[in-house]
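Trainee:
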Amino acid sequence: MQDIVDSIQSIARQRGRGESGPLIMLRALDGGQGERISHLPIDNDLAQAWLALLGEPFRPHQSAAVTALRRNEPVALLAANPRVTTSIYLLIYALCVTQGTSALLLAPDARAATAARARLLYINESLPALYRLPTQLIEPQVRPDPAARIVIATPETLHSRLLRHHDRAWRQLWRNLHMMTLLDLHRYSGVAGAHLADLLLRVQRVATSHSGGAIPHLLASGYELHEPLAALESLYNAPWKILSGDDLPHTPTALAVWRNTADRLREAVDVARLLQKQGYRIHILCQPLESAAITPLVGDIEDITTGTSPQSGHVLICAGHPGAQSAVRRLLRSGYQAVILILGESPLEQMLARHSETLLSQGPSNWPAAPLNAYVTAQHTLCAATELPLSATEVESAGIGQIVDRLVEGGQLIDLPDEEVAWHAGPAAGDPYGDWSVLAASGSAIMARTEQGRQIDLIDPSAYARWCYPGAALPVVRGGLRVTAQDEESNGIALRMETSPRRTFPLRRCTVTLRDQRETRALFLSSQIGYGRAVVEEEIYSSREYTSGGSASEVMIRPAQQVRWAAPCCWFELPVAPQVNGQQVGWSLAGALSAATLASFSDLVPCLDEQARRLYLVDAQPGGNGLAAWLYAHAEDMLPLAYDIALACRHDPLLEPWARADMDWLLPMLGR
8 MQDIVDSIQS
18 IARQRGRGES
28 GPLIMLRALD
38 GGQGERISHL
48 PIDNDLAQAW
58 LALLGEPFRP
68 HQSAAVTALR
78 RNEPVALLAA
88 NPRVTTSIYL
98 LIYALCVTQG
108 TSALLLAPDA
118 RAATAARARL
128 LYINESLPAL
138 YRLPTQLIEP
148 QVRPDPAARI
158 VIATPETLHS
168 RLLRHHDRAW
178 RQLWRNLHMM
188 TLLDLHRYSG
198 VAGAHLADLL
208 LRVQRVATSH
218 SGGAIPHLLA
228 SGYELHEPLA
238 ALESLYNAPW
248 KILSGDDLPH
258 TPTALAVWRN
268 TADRLREAVD
278 VARLLQKQGY
288 RIHILCQPLE
298 SAAITPLVGD
308 IEDITTGTSP
318 QSGHVLICAG
328 HPGAQSAVRR
338 LLRSGYQAVI
348 LILGESPLEQ
358 MLARHSETLL
368 SQGPSNWPAA
378 PLNAYVTAQH
388 TLCAATELPL
398 SATEVESAGI
408 GQIVDRLVEG
418 GQLIDLPDEE
428 VAWHAGPAAG
438 DPYGDWSVLA
448 ASGSAIMART
458 EQGRQIDLID
468 PSAYARWCYP
478 GAALPVVRGG
488 LRVTAQDEES
498 NGIALRMETS
508 PRRTFPLRRC
518 TVTLRDQRET
528 RALFLSSQIG
538 YGRAVVEEEI
548 YSSREYTSGG
558 SASEVMIRPA
568 QQVRWAAPCC
578 WFELPVAPQV
588 NGQQVGWSLA
598 GALSAATLAS
608 FSDLVPCLDE
618 QARRLYLVDA
628 QPGGNGLAAW
638 LYAHAEDMLP
648 LAYDIALACR
658 HDPLLEPWAR
668 ADMDWLLPML
678 GR
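Take any residue in the sequence shown, count from 1 to its spot, add 7: that is its number in the working numbering.
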């Protein structure tokens with residue numbers, strides 16, 4: 008095989024047109040030896056068996072985690088290096104093997120849960136029989152295994168099976184539960200974080216009721232993040248021990264950035280084929296929605312794999328930006344000889360094409376704290392009261408008195424005839440476990456399927472009307488798949504692969520009613536910013552569309568999509584009144600937050616009040632996802648980034664209207 012850097016440069020020359028080549032940046036990055044310790048304070052024989060299994064020494068973060076867990080402190084292992092997950096498994100064995108107790112491992116979705124089971128099965132097969140912990144993955148139609156010492160669940164199965172049936176089928180697990188571990192903690196941003204916070208409260212209630220008061224140890228792993236303490240405490244209100252797992256070794260690698268292209272999926276496959284001919288094994292990383300489009304392009308070519316998470320190989324090709332700066336940092340520590348980032352045409356990617364050096368110079372992503380979402384908490388409160396009577400002390404401690412009062416008034420909670428005030432789910436509650444998803448503030452997620460009926464992915468329902476109307480291109484602002492139908496009965500959409508690169512953007516009418524003005528402050532020298540809560544009535548009436556090589560056009564949406572929701576918002580008093588139609592303004596701020604945080608572009612909705620000359624940025628999910636509050640606190644940092652995004656998109660045929668509108672008000676606000 009050629010040197011990987013030479014190979015990438017050679018392919019870039021082949022695919023260049025004239026003097027313009029696709030390669031924007033190519034950097035060789037050094038590896039690191041990591042740090043080591045000679046002793047870990049766990050059972051000596053288990054330590055020796057673990058050393059024999061991995062063939063490498065223990066690390067300082069593992070020792071610090073053992074000490075903190077024994078003091079019953081919640082521990083977060085945050086690292087760019089993905090091998091920090093192995094430390095999670097080590098700590099499970101270290102704390103559960105010798106005490107004869109059990110662990111509950113929570114994976115963010117079914118794919119991650121299946122991967123965790125495969126890894127734990129390998130560990131069990133490699134360890135001496137004395138130290139093996141039988142493992143069970145919660146699956147449909149599979150009965151509880153009373154011998155299981157590690158139970159793997161997702162938020163959905165934890166909610167609907169382990170907690171719902173805690174006093175019957177899963178009694179043995181809850182009696183012996185000593186430890187709860189959370190994989191990929193970074194996946195719980197926004198509404199998912201609000202769900203996780205309530206799930207952890209329910210786990211604590213049920214576990215203590217079965218164990219006589221003992222609270223399980225809490226251990227989590229995730230991306231390296233910027234100042235994550237506030238977000239962690241919003242999930243679990245206790246003094247967290249935050250440890251960096253980046254004392255692990257990592258190999259040298261190279262980062263190549265490919266110029267944004269209209270058909271990044273096909274470009275990724277073409278580059279992979281050229282590298283495969285030179286003897287490399289390649290993995291193409293894509294979004295879950297895109298897996299249906301990229302798999303037919305690859306076919307059955309040997310040594311080229313595709314998927315939504317990294318797999319083994321020499322080279323990783325990322326078909327588009329992976330969604331967060333911390334995700335980029337994770338990929339660069341994943342053991343590949345090279346990572347090739349093929350930029351698409353999203354606002355963030357167009358900005359990165361102009362400022363590619365920020366991929367290496369920018370720090371880890373921010374993680375906005377999950378808010379108390381009344382819609383989320385109301386359903387979890389009903390579930391908690393179904394599992395065990397809900398006491399007045401618990402209600403006061405959680406700060407949910409108003410929510411409980413509304414549920415009592417509606418007959419969903421009823422007072423128990425005891426001396427101590429307590430509530431139980433009433434007849435009006437129905438089945439509180441139904442229609443639930445960690446992606447949704449209320450109800451279930453949207454099911455995305457191919458036209459043949461194969462499930463591809465689950466989608467946040469707040470995106471249904473705004474981004475998933477018939478004819479819309481998905482993923483949002485990237486394209487590649489066309490929505491051919493909406494099915495409200497099955498709560499799903501049908502998708503078809505596009506024959507040519509095509510993107511869409513919704514045109515809307517908005518009415519914003521401010522319900523609660525909580526804070527205002529000065530912004531720069533002469534502007535004002537505020538934070539509060541609003542009700543938004545939105546009509547998506549048309550779609551702006553652009554197919555590569557053509558010109559942008561508008562297509563009416565019939566019938567128009569109607570949305571109404573209440574959520575936190577922040578607003579800017581604008582120095583000039585933008586001249587726009589279809590609410591094509593403010594989207595550069597949504598792009599800025601997707602660049603700086605774990606949020607996606609569609610998690611924030613701009614709404615312009617032309618008469619008041621006020622631009623609202625509203626949390627997309629009913630009840631809130633924490634972004635408006637975070638933007639209010641960090642506006643001075645986000646506005647320059649929003650300007651860079653608008654500047655990068657000003658010549659894009661699809662995005663040009665809002666890019667130029669945003670530049671018009673950002674320039675005077677920033678004093679440029």
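Cβ coordinates follow ideal geometry from the N, Cα and C atoms, glycine included.
1. Less than 8 Å between the CB atoms is what I'm expecting for Trp247 and Leu232, so what's the real figure, rounded?
2. Select from Asn380, Asp191, Glu546 and Trp177 the residue whose C-alpha is nearest the C-alpha of Arg150.
3. In chain order, which continuous runs of the beta strand (DSSP E) of length 3 or greater are located wholly inside the segment 24 to 70?
4. For His224, count neighbouring C-beta atoms within 10 Å of its own C-beta (all shown protein chains included) and say buried if the count is 16 or more, exposed if not.
5. Terminal residues of the continuous alpha helix (DSSP H) containing Ser133?
6. Going by the CB atoms, is the gap between Arg565 and Glu352 shorter than 8 Å?
7. So what does DSSP say about Asp702, is it helix, strand or coil?
8. When we look at the beta-carbon of Val428 and count the other beta-carbons within 10 Å, is it buried (16 or more) or exposed?
9. For Glu352, which of helix, strand or coil comes out of DSSP?
10. Among Leu646, Gly557 and Pro629, which residue has its Cα nearest to the Cα of Leu600?
11. State buried or exposed for Gly107, treating a residue as buried only when at least 16 other CB atoms are found within 10 Å of its CB.
12. Could you tell me which uninterrupted beta strand (DSSP E) segments, each at least 3 residues in length, are contained entirely in the segment 582 to 668, listed from first to last along the chain?
13. With which residues is Ile311 paired in a DSSP beta bridge?
14. Just the C-alpha distance for Leu662 and Pro434, rounded to the nearest angstrom, thanks.
15. If you drop the 5 nearest sequence neighbours on each side, which residues of the same chain put their C-beta closer than 6 Å to that of Arg271?
16. Which value, in whole angstroms, describes the spacing of the CA atoms of Leu53 and Val445?
17. Once DSSP output is grouped into helix, strand and coil, what is the label at Gln524?
18. Please give the ranges of any alpha helix (DSSP H) in the segment 202 to 246, keeping only runs that are unbroken, at least 4 residues long and fully inside the region.
19. Do you know offhand how far Thr258's Cα is from Thr142's?
20. So the candidates are Trp672, Asp610, Leu648 and Ala602; which of them puts its Cα closest to the Cα of Arg620?
21. In this structure, does DSSP put Thr108 in helix, strand or coil?
22. Identify the continuous alpha helix (DSSP H) that holds Val149 and give its terminal residues.
23. Note down the Cα distance separating Gln285 from Pro135, rounded to an integer number of angstroms.
24. Among all the DSSP beta bridges, which residues are the ones paired with Gln493?
25. Can you name the start and end residues of the alpha helix (DSSP H) that Thr268 belongs to?
26. Helix, strand or coil for Asn380 per DSSP?
27. For a test of your reading of the model: does the CB of Trp578 fall under 7 Å from any non-hydrogen atom of the ligand NAD? Yes or no.
28. Expressed to the nearest angstrom, what Euclidean distance is found between the alpha-carbon atoms of Ser560 and Pro371?
29. How is Leu674 classed by DSSP in three states: helix, strand or coil?
30. With DSSP collapsed to three states, give me the class of Thr260.
31. Measure the C-alpha to C-alpha separation of Ala529 and Gly417 and round it to an integer number of angstroms.
32. Are Gln591 and Pro664 closer than 8 Å when you measure CB to CB?
33. Need the endpoints of the beta strand (DSSP E) that Pro575 sits in, please.
34. Do Ala201 and Pro378 count as a contact pair if the criterion is CB distance below 8 Å?
35. Please report the straight-line C-alpha distance between Thr518 and Gly41, rounded to a whole angstrom.
36. Please classify Gly417: does DSSP put it in a helix, a strand, or coil?
Mentor: Short version:
1. Sequence index remark: in the sequence shown, residue 247 carries index 240 (1-based). Sequence index remark: in the sequence shown, residue 232 carries index 225 (1-based). Rounded to whole angstroms, the Cβ separation of Trp247 and Leu232 is 12 Å, and the two are not in contact under 8 Å.
2. In the sequence shown, counting from the first residue as 1, residue 150 sits at position 143. Answer by Cα proximity: Trp177.
3. Listed in chain order, they are 30 to 36.
4. Counted from its first residue, the sequence shown places residue 224 at position 217. It counts as buried.
5. Sequence index remark: in the sequence shown, residue 133 carries index 126 (1-based). Per DSSP, the continuous alpha helix (DSSP H) segment holding Ser133 begins and ends at Ala117 to Ser133.
6. Your numbering for residue 352 matches position 345 in the sequence shown. Your numbering for residue 565 matches position 558 in the sequence shown. Result no, Cβ atoms of Glu352 and Arg565 do not sit closer than 8 Å.
7. Only positions 8 to 679 of the chain appear in this structure, which leaves residue 702 out of reach.
8. As a working mapping, residue 428 is identified with position 421 in the sequence shown. The residue is exposed, with fewer than 16 neighbouring Cβ atoms inside 10 Å.
9. Position 345 of the sequence shown, counted from the first residue, corresponds to residue 352. Coil at Glu352, not helix or strand.
10. Position 593 of the sequence shown holds residue 600. Between Leu600 and the set Leu646, Gly557 and Pro629, the nearest pair of CA atoms involves Leu646.
11. Residue 107 sits at position 100 when you count from the first residue of the sequence shown. With fewer than 16 neighbouring CB atoms inside 10 Å of its own CB, Gly107 falls in the exposed class.
12. Runs found: 611 to 616 and 621 to 626.
13. Locating residue 311 in the sequence shown gives position 304, counting from the first residue. Residue pairing by DSSP puts Ile311 in a beta bridge opposite Ile289.
14. Working through the sequence shown from its first residue, we reach residue 662 at position 655. Working through the sequence shown from its first residue, we reach residue 434 at position 427. Taking the Cα positions, Leu662 is about 51 Å away from Pro434.
15. Here residue 271 corresponds to residue number 264 of the sequence shown, with the count starting at 1. Ala326, Gly327, Ile349 and Gly351.
16. Mapped onto the sequence shown, residue 53 falls at position 46. Mapped onto the sequence shown, residue 445 falls at position 438. Rounded to whole angstroms, the gap between the alpha carbons of Leu53 and Val445 is 37 Å.
17. To locate residue 524, count along the sequence shown from 1; it is residue 517. Secondary structure of Gln524 (DSSP, three-state): strand.
18. Those alpha helix (DSSP H) runs which fall completely within the segment 202 to 246 and span 4+ residues are 236 to 242.
19. Within the sequence shown, the letter at position 251 stands for residue 258. Within the sequence shown, the letter at position 135 stands for residue 142. Whole-angstrom Cα-Cα distance: 32 Å.
20. Against the sequence shown, residue 620 aligns to sequence position 613. A check of alpha carbon separations from Arg620 across Trp672, Asp610, Leu648 and Ala602 identifies Trp672 as the nearest.
21. What you label residue 108 is simply residue 101 of the sequence shown in a count that begins at 1. Three-state DSSP puts Thr108 in coil, outside helix and strand.
22. As a first step, residue 149 must be located in the sequence shown, where it is residue number 142. No alpha helix (DSSP H) holds Val149; DSSP gives it neither H nor E.
23. As a working mapping, residue 285 is identified with position 278 in the sequence shown. As a working mapping, residue 135 is identified with position 128 in the sequence shown. If you take the alpha carbons of Gln285 and Pro135, they lie about 42 Å apart.
24. Within the sequence shown, the letter at position 486 stands for residue 493. Answer is Ile500, bridged to Gln493.
25. Translated into positions along the sequence shown, residue 268 becomes position 261. No alpha helix (DSSP H) contains Thr268, which DSSP labels as neither H nor E.
26. Within the sequence shown, the letter at position 373 stands for residue 380. Here Asn380 sits in coil by DSSP.
27. This structure does not include the ligand NAD; it has no bound ligands of any sort.
28. Reading the sequence shown from its first residue, position 553 is the one you call residue 560. Reading the sequence shown from its first residue, position 364 is the one you call residue 371. Spanning the two alpha carbons is a distance of roughly 38 Å.
29. On the sequence shown, residue 674 is found 667 positions in, with the first residue counted as 1. In the structure shown, Leu674 sits in a helix (DSSP, three-state: H, G or I).
30. Position 253 of the sequence shown, counted from the first residue, corresponds to residue 260. Thr260 falls in the strand class under three-state DSSP.
31. Taking the sequence shown and counting its residues from 1, the one referred to as residue 529 is at position 522. Taking the sequence shown and counting its residues from 1, the one referred to as residue 417 is at position 410. If you take the alpha carbons of Ala529 and Gly417, they lie about 42 Å apart.
32. Here residue 591 refers to the residue found at position 584 of the sequence shown. Here residue 664 refers to the residue found at position 657 of the sequence shown. Judged by beta-carbon spacing, Pro664 lies within the 8 Å limit of Gln591, meaning their Cβ atoms are closer than that value.
33. Looking up residue 575 in the sequence shown gives position 568. Ser560 to Glu580 is the extent of the beta strand (DSSP E) around Pro575.
34. Locating residue 378 in the sequence shown gives position 371, counting from the first residue. Locating residue 201 in the sequence shown gives position 194, counting from the first residue. When the beta-carbon positions are compared, Pro378 and Ala201 come within less than 8 Å of each other.
35. Within the sequence shown, residue 518 is the residue found at index 511, counting from 1. Within the sequence shown, residue 41 is the residue found at index 34, counting from 1. Each residue's Cα considered, the two are about 55 Å apart.
36. Position 410 of the sequence shown, counting from 1, holds the residue named residue 417. Here Gly417 sits in coil by DSSP.
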